[in-house]
Amino acid sequence: MRRALPAGMLVLAFPCLAMGQVAILQIQVVEGDAAVHKAGARGSRPLTVEVTDETGKPVAGATVSFHLPEDGPGGVFASGIRTEVVLTDVDGRASVRGLQANRTPGPFQIR
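Here my numbering is used: the first residue of the sequence shown is 940, the next is one more, and so on.
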């Protein structure tokens, strides 16, 4: 057994070039945090994050990258690669499905 540990909450600052201001975005894991996958098994539940602005409003159309470790415990996404790039929906949510765990047991983080 191994545990996938998404990086809890992340706060990002992006410059708004047109206005000369900085947008503060927050990323919160809403599904899949601390999921346990059997070594070599495919996950059945998605990993979902929510992106919100500094007022807590969902951000649609934000680009979210999910990265699995290159070495040790980890795996690949349904696409067969270790990185998936997804746009958030109108609710500010982005999800990846079909994580295929490799056969190396142990905890790992999805970043």
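The beta-carbon is built from N, C-alpha and C at its ideal position, and this holds for glycine as well. On a predicted model such as this, the values are computed, not experimentally measured, just so you know.
Got a sec? Which residues, its chain only, sit under 7 angstroms from residue i by beta carbon, not counting five neighbours each side?
{"i": "Gly-1000", "result": "Leu-1026 and Thr-1027"}
{"i": "Val-998", "result": "Leu-964, Val-990, Thr-991, Asp-992, Thr-1027 and Gly-1031"}
{"i": "Gly-1014", "result": "Leu-1007, Leu-1038, Gln-1039, Ala-1040 and Asn-1041"}
{"i": "Pro-985", "result": "Glu-970, Gly-971, Ser-1034, Val-1035 and Arg-1036"}
Distance, Cα to Cα, residue i vs residue j?
{"i": "Asn-1041", "j": "Gly-982", "result": "11 angstroms"}
{"i": "Val-1024", "j": "Val-1035", "result": "9 angstroms"}
{"i": "Lys-996", "j": "Gly-1019", "result": "33 angstroms"}
{"i": "Ala-978", "j": "Leu-1038", "result": "11 angstroms"}
{"i": "Gly-971", "j": "Arg-1021", "result": "17 angstroms"}
{"i": "His-976", "j": "Phe-1016", "result": "13 angstroms"}
{"i": "Phe-1047", "j": "Glu-1009", "result": "11 angstroms"}
Spatial neighbours of residue i within its chain, please: C-beta separation below 6 angstroms, excluding the five flanking residues on both sides.
{"i": "Glu-993", "result": "Ile-963"}
{"i": "Thr-1043", "result": "Gly-1011 and Pro-1012"}
{"i": "Ala-1033", "result": "Val-988, Val-1003, Val-1025 and Thr-1027"}
{"i": "Phe-1005", "result": "Glu-1023, Val-1035 and Ile-1049"}
{"i": "Ala-980", "result": "Ala-1040"}
Within 7 angstroms: the Cβ of residue i and any heavy atom of the ligand FMN?
{"i": "Gly-1014", "result": "Looking for the ligand FMN in the displayed structure turns up nothing, as the structure carries no ligands at all."}
I need the boundaries of the beta strand (DSSP E) containing residue i, first residue and last residue.
{"i": "Thr-1027", "result": "That residue, Thr-1027, is in no beta strand (DSSP E); it is neither H nor E in DSSP."}
Can you look up residue i in the DSSP assignment and give me helix, strand or coil?
{"i": "Phe-1047", "result": "strand"}
{"i": "Gly-1014", "result": "strand"}
{"i": "Leu-949", "result": "Summary for Leu-949: the model assigns pLDDT 47, below 50, so the residue's position carries little reliability, and this model does not support an answer."}
With a CB to CB cut of under 8 angstroms and the five nearest residues on each side skipped, what residues in its chain are close to residue i?
{"i": "Val-1029", "result": "Pro-997 and Ala-999"}
Residue ranges of each beta strand (DSSP E) within the stretch 963–1004, 3 or longer = The stretch 963–1004 contains these whole beta strand (DSSP E) runs: 974–976 and 986–991.
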